[in-house]
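The sequence shown begins at 5 in our numbering and counts up one residue at a time.
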Amino acid sequence: METTNQYRKRWSWDRVTWGTHCLNCLATCSYRVYSRDGKVAFEEQGGTIAEIEAGVPDFNPLGCQKGSAWSLQLDGEDRITKPLRRVGERGSGKWEEITWDEALADIADSIIDAIDEDGPESVVFEESVEGGLMAQSPFLRLASLIGAVTLDAQGLVNDLPIGQHITFGKFSCASTVDDSFHSEVLLLWHANPAYTSIPYFHYITEARYKGAKVISIAPDYNASCVNADMYVPVKPGSDAALALSICQVLLEDGKVDLDFVKAQTDLPLLVRSDNLRFLRERDLVKGGSEEHFYFWDQTKEVVEVPRSTLDLGEIDPALHGPFKVALADGSEVEVFTVLDLIEKRLLDYTPELASAICGVSPETIRELALIIAGNKTKIIEGFNAPKYFHGDLMERSMCLLLALTGNWGKPGTGIQGLALAGLDGYLLFSMKTKQGVEETARLLDGIDASMEQLRQRDPEATDEMLGNQLLTLSTSAGTSAPPVFFNYNHVGYKESWNNSAWQEPTMTKSFSSYMEDALRRGWWGGVARPSAGMAPRVFFAVGTNPMRRARGGKRAILETLWPKLEKIVAVDIRMSSTALYADIVLPAAMQYERVNVQYPITHTLHLAFSDKAVEPKGEAKTEWEIFSALANKISERSVERDIVEFTDGRRLSRRLDTVGDSYTIGGAFQSDESVIDEWIRDSSDAGTLPPGTSVETLRTKGTIRFTGLGVFAPGLSVATDVKDDKVLTAFQWHVDKKLPFPTLTKRAQFYIDHPWFMDADEALPRHKDNPKMGGDYPFVLTSGHSRWTVHAVSMGNSAVLSTHRGQPLVVMGAKDALDLNIGEGTRVKVYNDHGSFIAMVKVAPRVRPNQLIIYNGFEPHMFEGWNGSNEVEPGMVKWLHLVGKYGHLRYLPFGWQPVPSDRAVSVGIMSVPDSQRIEESS
């Protein structure tokens, strides 16, 4: 009876609220949070999402083990509950507790000093995708008000499917995950959804029960392979060769959707044989355009490619040349089609030749082509490919496979991209000067008017293209900057990026030469901030963790960046590795101690709400409370110190004494809830949420489906309509409405005739071996998201720790372990010319020879000497991604930019006896 009563007490509660886990997670799972006596007792999946499309399984229950154990972290041992100030050396672990007023005054004075002496661009924030929108919005607002620099989150985390962007001018082929149920073939490529997409994984098994063939393509036999019909083992970094070989078979066997290829892609476009550039209007007409291109029509010879539509009408483009064309100067030139060039390239990727590169047998390659041909095929791609140095080539090759088989813009097709869209109120909020619907209407009218002005200049542009133009204009006045320039000028990456032994062999000059050339040409004008001459002085990490995340490890940060900084501020819920090296650490309230919303994502097309269930622990505050208080303190101290006016980096006059009042718009937005409610109501007014939706609606329902994707660029880029009774299928506007793509050619573009791409022999997709990043060593180190945590945030969760060995693990193949006499549980040193780390070995037969795996999320302070696995990652970036102002290859926030790579780094491995345990691994 006593045991029964104990269980009854455990499963009792006095309050129930809705919650979600606002992390860098692509799920928006609604949980019921049960509290008792002012503490969270437990939580469980809500499972209340209604069926969307008849015959398609609903999203329920949505959740994973990390989410279900999340509330344990409210009282975790690594929790920060009071403001702390460093009293010893950075990283010494010596702290003093201080009051909030002391902390804010200290930070405010550092900001004022930096602005007064060097300018506001010496104040730098890392953009974050952690903590939900109410963690991100507050510091972005302050940065905007003082003219600081915010480092683009995409350039920091590198979840950028850059090959998709090169092809489509975007990476938002982001259907809802239930669209996979319509697929006939699912390719799990650079993805391990059994680890990374636990809430959505049921759609893969349900599609399989329905008859879909599931194929896993990966170097190692991962957990998702167990649920596949076919496993295709591929050498790390050789995926482009495999994809191109499948394309070669499809073309050779005549199993290509020719009508789709003609209408949707640049494959029929004409290319000059003399210079291998697209045939342009300027070639045919004196003073003609650089951005008008040509087909060879079967009956009318040379015809201009329509720019405002993909509807060919009566045009029947030839897919093969050669042809003769008269130029403006009276001479003739021979032209071919892009498809001619592709077919020539694919001669290097017959199954027999490709097999030697990728390790997949010719028979398997032909079987894959047969399976894909004529079937609705979707590539479920994770964010692994972008982290390869040549991940762009892999993705371009994968997209070519989809193009040849007509596989996008239809239910059950495409390549899973990313789109953060729907909550237009969030984007409108930064433009508001007062509260309420009248202001919302004024802003929406202003956006319409701006779009119409842009349309007058470019009548052929679609709304999507105009949205991009509007975003470009706002970017020139915003805070966001690609981190590549910060890392090059201020964080010490210049040496690594110029190491020719670690770079791509086809580079014809040093990385610095390419960098200087790109800047000289103005390709990154206005966003290469802070400049080389502007040393950073104040650095904010709000929910970010560069010590763990940064490719290159802590060495570059500690040796190069940290000495320049006079104040390092970490705002976090726990003592992360970055917080350990900070000057001031501010305690943030966790989910369930605050109201919040997860970022809107088309994966579920639902907005998930997290309510306040309990009071924040200790003295923790929400980010809105922290940064509004800091804004007030800046105003207060600026008046006291008589440092009120300043000029920002764009030569605009600003004031510090009004920052506090501007932050809350004259006191209209004092609380987190007031901000969220405004976002939601404005989104409802903008038509992306049901009429009348408010915070109270979400407080009752927990989650709500978007009714539209909005008027801003991220939503328009999905190129589809939201329907109440249908799953969301991306790119339907391109296929059904024949709207062009936002690329240079206005089509899915596989030929990039930029001189840099041509010099690198990457005008077309191809395979290139991974550079020897880190040196010439026999093993390659791969990674992926772990089963146990979303990045590092749950790695210290007591329940999750009990499900694995509780320390960093390197997974090694059985044969390699036997050959090197390395046993299960052996301490090993993984090393290269860049650095090293020590960890325990887990021997597994599922790992291929000469491959090592270490999963993402282990904090550096969990390793000996605090040297994490990123110490062996040089963080090389591909020089071609410095290209700008070539059609769609130009910077937009969260979009096109150079990003660091970390996959298939070259390493060695050796056992380390316990007697050699060291404080600092070398």
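We put the beta carbon where it would ideally sit given N, CA and C, even for glycine.
So the candidates are the options; which of them puts its Cα closest to the Cα of residue i?
i, options, result
"residue 382", "407, 649, 716", "407"
"residue 2", "736, 106, 796", "In the structure displayed, the chain extends from 5 to 926; residue 2 sits before or after that span and is not available."
"residue 710", "729, 639, 313", "729"
"residue 721", "892, 445, 436", "892"
"residue 338", "274, 449, 374", "274"
"residue 468", "518, 114, 715", "715"
"residue 199", "881, 859, 890", "859"
"residue 105", "614, 625, 451", "625"
"residue 391", "882, 915, 912, 890", "882"
"residue 1", "203, 480, 236", "Since the first and last residues shown for the chain are 5 and 926, residue 1 lies out of range."
"residue 775", "505, 819, 751, 894", "505"
"residue 59", "28, 140, 111, 214", "214"
"residue 410", "435, 377, 566, 683", "377"
"residue 852", "53, 55, 239, 40", "239"
Cβ of residue i within 9 Å of Cβ of residue j?
i, j, result
"residue 397", "residue 769", "yes"
"residue 548", "residue 495", "no"
"residue 755", "residue 345", "yes"
"residue 736", "residue 414", "yes"
"residue 731", "residue 294", "no"
"residue 152", "residue 181", "no"
"residue 271", "residue 323", "yes"
"residue 245", "residue 771", "yes"
"residue 114", "residue 718", "no"
"residue 192", "residue 384", "yes"
"residue 228", "residue 211", "no"
"residue 627", "residue 185", "no"
"residue 876", "residue 785", "yes"
"residue 17", "residue 45", "yes"
"residue 653", "residue 850", "no"
"residue 752", "residue 606", "no"
Go through its chain and collect everything with a Cβ distance to residue i's Cβ below 6 Å, but skip five positions before and after it.
i, result
"residue 158", "164, 898"
"residue 602", "24, 26, 32, 136, 612"
"residue 924", "Any answer about residue 924 is weak, because its pLDDT of 43 lies below 50 and its placement is not dependable; what the coordinates show is given next. So the qualifying residues of the chain are 869."
"residue 9", "none"
"residue 673", "679"
"residue 243", "398"
Taking DSSP as the reference, what is the three-state secondary structure of residue i?
i, result
"residue 338", "strand"
"residue 328", "strand"
"residue 63", "coil"
"residue 836", "coil"
"residue 663", "helix"
"residue 247", "helix"
"residue 74", "helix"
"residue 142", "helix"
"residue 206", "helix"
"residue 852", "coil"
"residue 926", "In this predicted model, residue 926 has a pLDDT of only 38, less than 50, meaning its place in the structure is not dependable; the value taken from the coordinates is given anyway. Note: residue 926 maps to coil in three-state DSSP."
"residue 887", "coil"
"residue 217", "strand"
"residue 642", "helix"
"residue 270", "coil"
"residue 866", "helix"
According to DSSP, what are the bridge partners of residue i?
i, result
"residue 789", "860"
"residue 21", "37"
"residue 651", "657"
"residue 321", "301"
Whose C-beta lies closer than 7 Å to the C-beta of residue i among residues of the same chain, with five residues either side of it excluded?
i, result
"residue 696", "688"
"residue 926", "With a pLDDT of only 38 at residue 926, under the threshold of 50, the placement of this residue in the model should not be trusted; the figure read from the coordinates follows. Excluding sequence neighbours, residue 926 sits near 840."
"residue 251", "350, 404, 405, 408"
"residue 307", "298, 299, 301, 319"
"residue 512", "763"
"residue 286", "292, 293, 294"
"residue 916", "831, 832, 833, 842"
Taking 8 Å as the limit between beta carbons, can you name the residues of its chain near residue i, skipping five residues before and five after?
i, result
"residue 122", "538, 539, 541"
"residue 209", "231"
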